[in-house]
Amino acid sequence: MTTVASRPSATVKPASTFLPYRPESAAAARRLVRDKLIEWGMDNLADDAQVIVSELATNAAKTGRQRRMCVTIRRHTPHTVRIAVRDGSRTLPVLIQSEDEDAESGRGLSLVNRLTHGRWGATPEPLGKTTWAELPT
Ligand SMILES: Nc1ncnc2c1ncn2[C@@H]1O[C@H](COP(=O)(O)OP(=O)(O)OP(=O)(O)O)[C@@H](O)[C@H]1O
Ligand SMILES: [Mg+2]
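Residue numbers (my numbering): -19 to 117.
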């Protein structure tokens, strides 16, 4: 008989990090997401998840706020992982759907939209908002 040990709940705790509003923060956000997915045995999601968090953190960095953005990855449901970036701007993101493949901007959220099959959004908060995206596990 094979027994499968259940993982201790500590291993599925969300992970968060506070990062400055700078373009370099995207690299730190990618590392957080990759390390957590490997720890959770979800290496197969790491490539898409890193692209997603990179786009969200880069967008947050452009808001140029004073304090820090917060990047979180969590096992949102038993079947989904949610990546979230909270920033201090109350302006909500806008999906730009363009036919122009050579456009130099407006591609980030379109990529997030494609990778998540539309499962992303933004939740307004008193001092900013959280932009989030989900991947099925
Ligand atoms: N965190 C955010 N806060 C405020 N506005 C945002 C945020 N993220 C996105 N937006 C708005 O949504 C638009 C679309 O974002 P998107 O990431 O698709 O394009 P971009 O950042 O302008 O260009 P690219 O990602 O191709 O470099 C942005 O131009 C911006 O106006
Ligand atoms: Mg962008």
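Glycine residues also receive a C-beta, built at the ideal position from the N, C-alpha and C atoms.
If you drop the 5 nearest sequence neighbours on each side, which residues of the same chain put their C-beta closer than 7 angstroms to that of residue i?
i	result
residue 95	28, 31, 32
With DSSP as the reference, label residue i as helix, strand or coil.
i	result
residue -18	Caution applies to residue -18, whose pLDDT of 46 falls short of 50 and renders its modelled position unreliable; the model cannot decide the point.
residue 88	helix
residue 109	strand
residue 114	strand
Sort the options by Cα distance to residue i and report the nearest one.
i	options	result
residue 49	41, 55, 56	41
residue -4	14, 23, 102	14
residue -1	67, 19, 88	67
residue 22	77, 81, -8, 88	-8
residue 115	87, 56, 77	56
For residue i, which residues of its own chain have a beta-carbon under 6 angstroms away from its beta-carbon, when the five flanking residues on both sides are left out?
i	result
residue 54	-6, 62
residue 92	32, 35, 100, 113
The segment 61 to 75 touching the segment 96 to 113, judged by at least three CB pairs closer than 8 angstroms: Touching, yes.
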